[in-house]
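Undergrad:
Residue numbers (our numbering): 2 to 558.
Put into C-alpha cells, the structure is as follows:
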C-alpha cells in the first residue's frame with residue numbers, strides 16, 4: 002500500500018533513537034528486576050538491623066522507666082515495683098510522642114501500615130526521610146513507657162520507609178519504588194517474627210496491590226535475607242512455642258470454623274470501636290498533640306489494674322497458646338487489653354495493631370474453644386489468626402503467620418477454616434478494614450481484588466484503525482484545505498516522507514498554519530509508536546509516560 006493509505010509504516014532510520022518512542026512492553030522479568038532485587042536485599046539488611054536496634058531501644062526504655070536499671074532485654078512492665086506511679090509513665094511517654102508528632106512529623110501518628118498504604122496509593126510510594134528515624138524513636142518511647150502495642154508495627158513502617166527513601170535517592174520508577182517499600186516492610190515483619198512467607202503474602206495483600214513477578218521476586222528475596230539475619234542473631238526457634246497440635250476430627254474442625262465466625266464478628270466490633278474512639282478524640286477542645294497523653298491516662302489506670310496489658314505483650318500470646326492463661330483471668334486480660342489499646346491507639350499515638358489483635362483474638366478463641374469442649378490452645382491459635390484476618394482482610398498472611406510462628410502443621414486446616422470464616426464475615430458486614438477505613442474516609446479507593454487485566458490480553462493490532470490517513474511531509478497546508486471537512490476529520494495524523502514516518506500533526510495545527518507551510522514543518526517531535534503485537538496495556542502505559550493521546554501503529558519490519 003502507498004504511504005498515503007498504509008496503516009503500518011517503517012520508522013525513519015535517520016531518527017535519533019534517544020528521541021524515538023518505540024519500544025516493547027516490559028517482559029515479566031528482565032535485567033531490571035535483578036537490580037531491584039539486589040536493592041531489596043540491601044533494604045532488607047537495613048530493616049533487619051533496625052528491627053534489632055528498635056527492639057533493644059524498647060527494652061532499654063522499659064528497663065529505665067519501670068525498673069530504674071540499664072538493660073536492653075525486652076521485658077514486661079508487669080513486674081514493676083512502682084505501684085500507682087505506673088500511671089505517670091505512659092503519660093510522660095505520650096507527651097513526648099505528641100511533641101514529636103507536632104514538631105517533627107504528624108505522619109508518626111497511627112498504625113503504620115495504613116500510612117504506608119496511603120503513600121503507595123497517593124504519593125508514588127514517597128515517604129519523607131525523617132520518617133526513617135522519627136517513627137522508630139517515637140514508637141520505642143510509646144511502647145517502652147507502657148504503650149499496649151507490639152514492636153512489629155513500627156518496624157514494618159520503618160522498613161518500608163527505608164525502601165522508599167532508597168527508591169527516591171536513585172533513579173527508579175514509581176512501581177519499583179513501591180516494590181522497595183514493600184520489600185522493606187516485609188523484611189521488617191520477618192525480622193520481628195521470623196515469618197518470611199507470611200510477610201511476602203502481607204506485602205501482596207496490603208501494599209503491592211498486585212501479583213507480578215517483577216514485584217514478587219524482590220520482596221521474596223528481601224524476606225529470605227531478613228530471615229537469614231534473624232536466624233543468625235536469635236536462632237531458628239518459633240516465636241510462640243506451644244504444645245503439638247493433635248490430629249483433629251471433622252467435628253472439631255467445624256467447631257474451629259464456628260469460632261472463626263464469632264471472632265470475625267469481634268474483629269468487626271474492634272475495628273469500629275477504634276474509629277469511634279478516634280472520632281471522639283476529634284471533638285476534644287484541645288490540640289491533637291495532647292490526645293496521646295489523654296489516652297495514656299487510660300493505659301496507666303488499666304496497667305495498675307492489669308499490669309500485663311502494658312508493653313508489647315508477646316508473653317501473653319505465648320501463655321495463651323500454651324494454655325497457662327484460661328478462664329476468668331484470660332477474659333479479664335482480653336477486656337483490659339481492648340480498653341487500653343483501643344483508647345491509646347484512637348488517641349493518635351505512635352503504635353501498631355498486630356500484637357494486640359493476636360492477644361485479643363487468641364484469648365477469645367481459647368475461651369470459645371473451652372466452652373465448646375475442644376482444645377483451647379488450638380482455639381487460641383485459630384482465634385489470633387482469625388482476628389487479624391477479619392480486621393485486616395489479609396487472609397493468607399494470617400493463616401501462614403500463625404503457622405510460621407508456632408510451626409504446627411496440623412493446625413493449618415483449622416487455621417484456614419477459621420480465618421476464612423472471619424474473613425467472610427468481615428467482608429459481609431464491614432466496607433473497609435482496620436487498615437483501610439481511615440483511607441476510605443479520606444475518599445481513597447483501596448484495591449481489594451486482583452484479576453487478570455483484560456487490556457493485557459488484547460493486541461494493539463486488533464484494535465488499531467486499519468487504514469489511517471497519512472499526510473505527505475512535502476505537501477503544503479493549502480493542499481489540505483479542501484480535504485479538511487471531507488477526509489481530515491480526526492484529531493491527529495501521521496506524517497511520512499517517502500514511506501518513512503516522521504511524526505504526527507494535529508488538525509488544530511493544520512488549521513492554524515499558513516497556506517505555504519509544508520506539513521513536515523508542523524512536526525514538533527518524533528511520533529510515539531506501538532507495534533501490532535504489543536498489548537493494549539503496553540500502549541496505555543506508553544501514552545501515559547509520553548503524555549500523548551494517540552499512538553501510531555508501525556510494523557516491526
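Backbone N, C-alpha and C fix where the C-beta goes; we use that ideal spot for every residue, glycine too.
Among 345, 347, 348, 339, whose alpha-carbon lies nearest the alpha-carbon of residue 363?
TA: Sequence index remark: in the chain shown, residue 363 carries index 362 (1-based). Of 345, 347, 348, 339, the residue nearest in Cα terms is 339.
Undergrad: Which residue spans inside the segment 338-362 form an unbroken alpha helix (DSSP H) run of at least 4?
TA: Within the segment 338-362, not a single complete alpha helix (DSSP H) segment reaches 4 residues in length.
Undergrad: Touch check for the segment 167-185 and the segment 71-80: three-plus C-beta pairs under 8 angstroms?
TA: no
Undergrad: Is the beta carbon of residue 344 sitting closer than 8 angstroms to the one on residue 296?
TA: Against the chain shown, residue 344 aligns to sequence position 343. Against the chain shown, residue 296 aligns to sequence position 295. Their beta carbons are under 8 angstroms apart, which means residue 344 touches residue 296 by this criterion.
Undergrad: Quick one: grab the DSSP three-state call for residue 529.
TA: As a working note, residue 529 is residue 528 in the chain shown. Residue state, collapsed to three classes: strand.
Undergrad: Please name the residue or residues paired with residue 504 in a DSSP beta bridge.
TA: Along the chain shown, one-based indexing puts residue 504 at 503. Paired residue(s): 496.
Undergrad: So is residue 309 buried or exposed if we call it buried at 16+ other beta carbons inside 10 Å?
TA: Within the chain shown, the letter at position 308 stands for residue 309. Counting every other CB atom within 10 Å of its CB across the protein chains shown gives residue 309 a total of 16 or more, marking it as buried.
Undergrad: Straight-line CA distance for residue 555 to residue 393?
TA: Against the chain shown, residue 555 aligns to sequence position 554. Against the chain shown, residue 393 aligns to sequence position 392. The alpha-carbon atoms of residue 555 and residue 393 are separated by roughly 47 angstroms.
Undergrad: Can you tell me the Cα-Cα spacing of residue 434 and residue 447, whole angstroms?
TA: Translated into the one-based positions of the chain shown, residue 434 becomes position 433. Translated into the one-based positions of the chain shown, residue 447 becomes position 446. Distance between the alpha carbons of residue 434 and residue 447 is about 10 angstroms.
Undergrad: Are residue 48 and residue 313 closer than 8 angstroms when you measure CB to CB?
TA: Numbered from 1 along the chain shown, position 47 holds the residue referred to as residue 48. Numbered from 1 along the chain shown, position 312 holds the residue referred to as residue 313. Contact check for residue 48 against residue 313 fails: the beta carbons are separated by 8 angstroms or more.
Undergrad: Grab the span of the alpha helix (DSSP H) containing residue 245 for me, first residue to last.
TA: Position 244 of the chain shown, counting from 1, holds the residue named residue 245. Element bounds for residue 245: n/a, residue is neither H nor E.
Undergrad: Indicate the three-state DSSP secondary structure (helix, strand or coil) for residue 250 in the structure shown.
TA: Counting from 1 along the chain shown, the entry for residue 250 is found at position 249. Three-state DSSP puts residue 250 in coil, outside helix and strand.
Undergrad: Under 8 angstroms Cβ to Cβ from residue 72, same chain only, skipping five residues before and after it: list those, please.
TA: One-based indexing of the chain shown puts residue 72 at position 71. Within the same chain, residue 72 has close Cβ partners 60, 61, 64.
Undergrad: With respect to the alpha helix (DSSP H) encompassing residue 314, which residues constitute its N-terminal and C-terminal limits?
TA: As a position in the chain shown, residue 314 is number 313, starting the count at 1. Counting along the chain, residue 314 falls outside any alpha helix (DSSP H), and DSSP gives it neither H nor E.
Undergrad: Please report how far the alpha carbon of residue 544 lies from the alpha carbon of residue 250, in whole angstroms.
TA: Within the chain shown, residue 544 is the residue found at index 543, counting from 1. Within the chain shown, residue 250 is the residue found at index 249, counting from 1. The alpha-carbon atoms of residue 544 and residue 250 are separated by roughly 57 angstroms.
Undergrad: Under the rule that 16 or more other beta-carbon atoms within 10 Å means buried, what is residue 356, buried or exposed?
TA: Position 355 of the chain shown holds residue 356. Its Cβ being crowded by 16 or more others within 10 Å, residue 356 is buried.
Undergrad: Assuming residue 413 is part of the alpha helix (DSSP H), what are its boundary residues?
TA: What you label residue 413 is simply residue 412 of the chain shown in a count that begins at 1. Where residue 413 is concerned, the enclosing alpha helix (DSSP H) stretches over 413-430.
Undergrad: What did DSSP end up calling residue 23 once you bin it into helix, strand or coil?
TA: Locating residue 23 in the chain shown gives position 22, counting from the first residue. Note on residue 23: pLDDT 39, under 50, position unreliable in the model; no value is reported.
Undergrad: Candidates 428, 375, 407: which alpha carbon is nearest residue 385's?
TA: Translated into the one-based positions of the chain shown, residue 385 becomes position 384. Of the candidates 428, 375, 407, 407 places its Cα closest to the Cα of residue 385.
Undergrad: Which residue wins for smallest C-alpha separation from residue 548, given the options 260, 526, 557, 535?
TA: The residue given as residue 548 occupies position 547 in the chain shown. Checked all of 260, 526, 557, 535; the closest Cα to residue 548 is 526.
Undergrad: Give me the Cα-Cα distance between residue 431 and residue 468, rounded to the nearest whole angstrom.
TA: As a working note, residue 431 is residue 430 in the chain shown. As a working note, residue 468 is residue 467 in the chain shown. Rounded to the nearest angstrom, the two C-alpha atoms are 52 angstroms apart.
Undergrad: Measuring only the C-alpha atoms, how far is residue 381 from residue 341?
TA: What you label residue 381 is simply residue 380 of the chain shown in a count that begins at 1. What you label residue 341 is simply residue 340 of the chain shown in a count that begins at 1. Distance between the alpha carbons of residue 381 and residue 341 is about 21 angstroms.
Undergrad: Give every residue of the same chain whose Cβ lies closer than 7 angstroms to the Cβ of residue 240, excluding the five residues on either side of it in the sequence, and list them in chain order.
TA: Looking up residue 240 in the chain shown gives position 239. Counting only Cβ-Cβ distances below 7 angstroms, and skipping sequence neighbours, we find 194, 195, 406.
Undergrad: Among 104, 148, 54, whose alpha-carbon lies nearest the alpha-carbon of residue 351?
TA: Here residue 351 refers to the residue found at position 350 of the chain shown. The residue from 104, 148, 54 with its alpha-carbon nearest to that of residue 351 is 148.
Undergrad: Would you grab the beta carbon distance between residue 204 and residue 227 for me? Rounded to a whole angstrom, and I think it's under 8 angstroms.
TA: As a working note, residue 204 is residue 203 in the chain shown. As a working note, residue 227 is residue 226 in the chain shown. Contact doesn't hold; Cβ gap of about 12 angstroms is too wide.
Undergrad: Take the Cβ of residue 171 as the centre, count every other Cβ of all protein chains shown within 10 Å, and call the residue buried at 16 or more, exposed below.
TA: Position 170 of the chain shown, counting from 1, holds the residue named residue 171. Exposed, because fewer than 16 other Cβ atoms sit within 10 Å of the Cβ of residue 171.
Undergrad: Who are residue 472's beta bridge partners in DSSP?
TA: If you number the chain shown from 1, residue 472 lands on position 471. Its beta-bridge partners are 496.
Undergrad: Does the beta-carbon distance from residue 427 to residue 391 come in below 8 angstroms?
TA: Within the chain shown, residue 427 is the residue found at index 426, counting from 1. Within the chain shown, residue 391 is the residue found at index 390, counting from 1. One thing to note: residue 427 has its Cβ within 8 angstroms of the Cβ of residue 391.
Undergrad: What are the uninterrupted segments assigned as alpha helix (DSSP H) that are 4 or more residues long and contained completely in the segment 72-149, given in chain order?
TA: Those alpha helix (DSSP H) runs which fall completely within the segment 72-149 and span 4+ residues are 89-104, 114-123, 132-145.
Undergrad: Are the segment 98-109 and the segment 124-133 touching, with three or more C-beta to C-beta distances below 8 angstroms?
TA: yes
Undergrad: Which of the three DSSP states, helix, strand or coil, is assigned to residue 459?
TA: Taking the chain shown and counting its residues from 1, the one referred to as residue 459 is at position 458. Here residue 459 sits in coil by DSSP.
Undergrad: Once DSSP output is grouped into helix, strand and coil, what is the label at residue 180?
TA: Stepping through the chain shown from its first residue, residue 180 is reached at position 179. Three-state DSSP puts residue 180 in a helix.
Undergrad: May I ask you to report which of helix, strand or coil DSSP gives residue 1?
TA: No answer is possible for residue 1: the residues shown for the chain start at 2 and end at 558.
Undergrad: Note down the Cα distance separating residue 502 from residue 459, rounded to an integer number of angstroms.
TA: For the purposes of this step, residue 502 is identified with residue 501 of the chain shown, where counting begins at 1. For the purposes of this step, residue 459 is identified with residue 458 of the chain shown, where counting begins at 1. Each residue's alpha carbon lies about 25 angstroms from the other.
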